[in-house]
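J.:
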Ligand SMILES: [Cu+2]
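In my numbering, the protein residues as written are 256 to 665.
(1) Do the region 546-555 and the region 516-525 touch if we need at least three Cβ pairs shorter than 8 Å?
(2) Considering only C-alpha positions, which residue in the set 526, 357, 312 is nearest to residue 373?
(3) Between the Cα of residue 547 and those of 579, 494, 615, spot the shortest distance and give me the residue it belongs to.
(4) Under the rule that 16 or more other beta-carbon atoms within 10 Å means buried, what is residue 294, buried or exposed?
(5) To the nearest angstrom, how far is it from the Cα of residue 619 to the Cα of residue 432?
(6) Which residue marks the beginning of the beta strand (DSSP E) containing residue 611, and which one marks its end?
(7) Would you call the region 296-313 in contact with the region 366-380, where contact means no fewer than 3 C-beta pairs closer than 8 Å?
(8) Between the beta-carbon of residue 511 and the beta-carbon of residue 538, is there less than 8 Å?
(9) Is any beta-carbon of chain D found at less than 8 Å from that of residue 664?
(10) Does the beta-carbon of residue 596 have 16 or more other beta-carbons within 10 angstroms, so that it is buried, or is it exposed?
(11) Tell me the DSSP bridge mates of residue 322?
(12) Check whether the Cβ of residue 607 sits closer than 7 Å to any heavy atom of ligand 1, and report yes or no.
(13) Return yes when at least one heavy atom of ligand 1 lies under 7 Å from the C-beta of residue 425, else no.
(14) Return the first residue and the last residue of the alpha helix (DSSP H) that residue 433 is part of.
(15) Leaving out five residues on either side along the sequence, give the residues of the same chain with a beta carbon under 7 Å from the beta carbon of residue 313.
(16) Within the same chain, show all residues whose beta-carbon is closer than 8 Å to that of residue 612, passing over the 5 residues directly before and after it, in chain order.
(17) Is it the case that the CB of residue 495 approaches a heavy atom of ligand 1 more closely than 7 Å?
(18) Between the Cα of residue 608 and those of 407, 617, 336, spot the shortest distance and give me the residue it belongs to.
(19) Considering only residues of the region 519-544, which uninterrupted beta strand (DSSP E) runs meet the minimum length of 3 residues and lie entirely inside it, listed in chain order?
(20) Here's the rule I'm using: 16 or more other beta-carbon atoms within 10 Å means buried, otherwise exposed. How should residue 410 be labelled?
(21) Thinking C-beta only, is residue 655 closer than 8 Å to residue 570?
(22) Do you know offhand how far residue 324's Cα is from residue 427's?
(23) The beta strand (DSSP E) with residue 354 in it runs from where to where?
(24) Indicate the three-state DSSP secondary structure (helix, strand or coil) for residue 656 in the structure shown.
(25) What span of residues does the beta strand (DSSP E) with residue 458 cover, start to end?
(26) Kindly indicate which three-state DSSP category residue 566 falls into: helix, strand or coil?
(27) If I'm right that residue 492 touches residue 543 with Cβ under 8 Å, what's the distance once you round it to whole angstroms?
(28) In three-state terms, what does DSSP make of residue 505?
(29) In or out: residue 657 buried (at least 16 other Cβ within 10 Å) or exposed?
(30) Specify the secondary structure class of residue 559 as computed by DSSP and reduced to three states.
(31) When DSSP builds the beta bridges, which residues end up paired with residue 622?
(32) According to the Cβ coordinates, are residue 599 and residue 489 closer than 8 Å?
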């Protein structure tokens, strides 16, 4: 009689635990999620969308999106870095997807070719994995079930059987209760977990040709070396839909380019540019190493030749600043009114880039939509002085850049 009571109690506890245990798969959301990587080819920004897979082998779809309507065909090739397998295809901007094939989880490289420009995008195919502690609790539940069934079938729910089942149920309960505090399952194909915080990057900008001329294409290259080992840095995390955000401005601020350089080799980022005005240019790259914070790498280069009209249009801005006279080190809110509904660009409704006149400071703020017709940015600027600002958003199928000046008084 006692044994039966014990068994009933046990079943009740097991039922309670099962009802409490929500499937905790949120930690591996990366597995099966899409990866969006923006790269600037000569024709403009192209966002490559690599769809996630939930198992391998599986077809891996790659599509291309752009704000601009330029028709561009991209050749793509998926290259496994561990097995050497390759699959190729092609895709047009805004039209369908190339279907490649992922044979296994792990590191890959997506080769993307547009005309004579090539980018090699490293990424990982991840599929959900199981955690060992989940196996322990599953095993414990199985044991409870087996013991109860055996006990009932043999008609002998003896004290040792109930005791063993109780112990197994206790293990399952403990694991379930600790579930939120236990490490998440590592998805299959993930990189080994590295120590948090990697060394600072040493960045070096160069141009080809060494002395670019106005109105002619040149390549701006950024070489990234690990501050400790000097080896190429090839572990950039994709943040705001790109491995690197590069802002190139003429010293006077009249010329502004926000581009997403192509990874041409490990630790090497390059982008093709053309500028209309001679003089000194500043380059600021925002990067983020995996498991580390963001970093800003800056450099400068010289452009020769005669001034020409700019091919990249800028619109006038009428920003509203609150407070109207911002103070150094305290927040200022900047409101811009786009001419129409904004579409997300780089995962955000709007971007604001602010550079101190001397180029020492560069800030990047993200806008929030304030009602249907305003974008709002909040940031604080470190010291008094004159700042050059550019608000950027996408609307009506084009990227709009609105430059303005922010005077910080005290
Ligand atoms: Cu960017």
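Note that CB positions come from ideal geometry on N, CA and C, so glycine has one too.
T.: From the atom records:
(1) Fewer than three Cβ pairs drawn from the region 546-555 and the region 516-525 lie within less than 8 Å of each other, which leaves the two stretches out of contact.
(2) Taking the first residue of the chain shown as position 1, residue 373 is located at position 118. Among 526, 357, 312, the Cα nearest to that of residue 373 belongs to 526.
(3) Your numbering for residue 547 matches position 292 in the chain shown. Of 579, 494, 615, the residue nearest in Cα terms is 494.
(4) In the chain shown, residue 294 corresponds to position 39, counting from 1. Residue 294 should be labelled buried.
(5) Taking the first residue of the chain shown as position 1, residue 619 is located at position 364. Taking the first residue of the chain shown as position 1, residue 432 is located at position 177. About 42 Å.
(6) Within the chain shown, numbered from 1, the residue matching residue 611 stands at position 356. In the DSSP assignment, residue 611 falls within the unbroken beta strand (DSSP E) covering 605-611.
(7) The region 296-313 makes contact with the region 366-380; the number of CB pairs closer than 8 Å reaches 3 or more.
(8) Counting from 1 along the chain shown, the entry for residue 511 is found at position 256. Counting from 1 along the chain shown, the entry for residue 538 is found at position 283. Contact flag unset, no.
(9) Judged by its chain identifiers, the structure shown contains no chain D, having just a single protein chain.
(10) Translated into positions along the chain shown, residue 596 becomes position 341. Here residue 596 is exposed: its Cβ has fewer than 16 other Cβ atoms, across all protein chains shown, within 10 Å.
(11) In the chain shown, the residue the question calls residue 322 occupies position 67. According to DSSP, which records beta bridges pairwise, residue 322 is partnered with nothing at all.
(12) For the purposes of this step, residue 607 is taken as residue 352 along the chain shown, with counting starting at 1. Outside the cutoff, so no.
(13) Position 170 of the chain shown, counting from 1, holds the residue named residue 425. Residue 425 Cβ: outside cutoff for every heavy atom of ligand 1.
(14) Stepping through the chain shown from its first residue, residue 433 is reached at position 178. Element bounds for residue 433: 414-433.
(15) Walking along the chain shown from the start, residue 313 turns up at place 58. The residues are 357.
(16) Here residue 612 refers to the residue found at position 357 of the chain shown. Closer than 8 Å at Cβ, skipping near neighbours: 508, 640, 641, 642, 643.
(17) Taking the chain shown and counting its residues from 1, one reaches residue 495 at position 240. Yes, Cβ of residue 495 sits closer than 7 Å to a heavy atom of ligand 1.
(18) Counting from 1 along the chain shown, the entry for residue 608 is found at position 353. Per the Cα distances, 617.
(19) 523-528, 534-543
(20) If you number the chain shown from 1, residue 410 lands on position 155. Exposed.
(21) Position 315 of the chain shown holds residue 570. Position 400 of the chain shown holds residue 655. Result yes, Cβ atoms of residue 570 and residue 655 sit closer than 8 Å.
(22) Translated into the one-based positions of the chain shown, residue 324 becomes position 69. Translated into the one-based positions of the chain shown, residue 427 becomes position 172. Roughly 57 Å between the two C-alpha positions.
(23) Indexing the chain shown from 1 puts residue 354 at position 99. Note, residue 354: beta strand (DSSP E), 353-357.
(24) Translated into the one-based positions of the chain shown, residue 656 becomes position 401. If DSSP states are grouped into helix, strand and coil, residue 656 belongs with the strands.
(25) Counting from 1 along the chain shown, the entry for residue 458 is found at position 203. Its beta strand (DSSP E) spans residues 456-463.
(26) Position 311 of the chain shown, counting from 1, holds the residue named residue 566. Residue state, collapsed to three classes: coil.
(27) Working through the chain shown from its first residue, we reach residue 492 at position 237. Working through the chain shown from its first residue, we reach residue 543 at position 288. Their Cβ separation, rounded to whole angstroms, is 5 Å, which keeps residue 492 and residue 543 in contact under 8 Å.
(28) The count along the chain shown starts at 1 and reaches residue 505 at position 250. Taken through DSSP and simplified to helix, strand or coil, residue 505 comes out as strand.
(29) Sequence index remark: in the chain shown, residue 657 carries index 402 (1-based). Residue 657 is buried by the Cβ-count criterion.
(30) Position 304 of the chain shown, counted from the start, is the residue given in the question as residue 559. In the structure shown, residue 559 sits in a strand (DSSP, three-state: E or B).
(31) Here the question's residue 622 lines up with position 367 in the chain shown. In the DSSP output, where bridge partners are listed per residue, residue 622 has 605.
(32) Here residue 599 corresponds to residue number 344 of the chain shown, with the count starting at 1. Here residue 489 corresponds to residue number 234 of the chain shown, with the count starting at 1. Their beta carbons are not under 8 Å apart, which means residue 599 does not touch residue 489 by this criterion.
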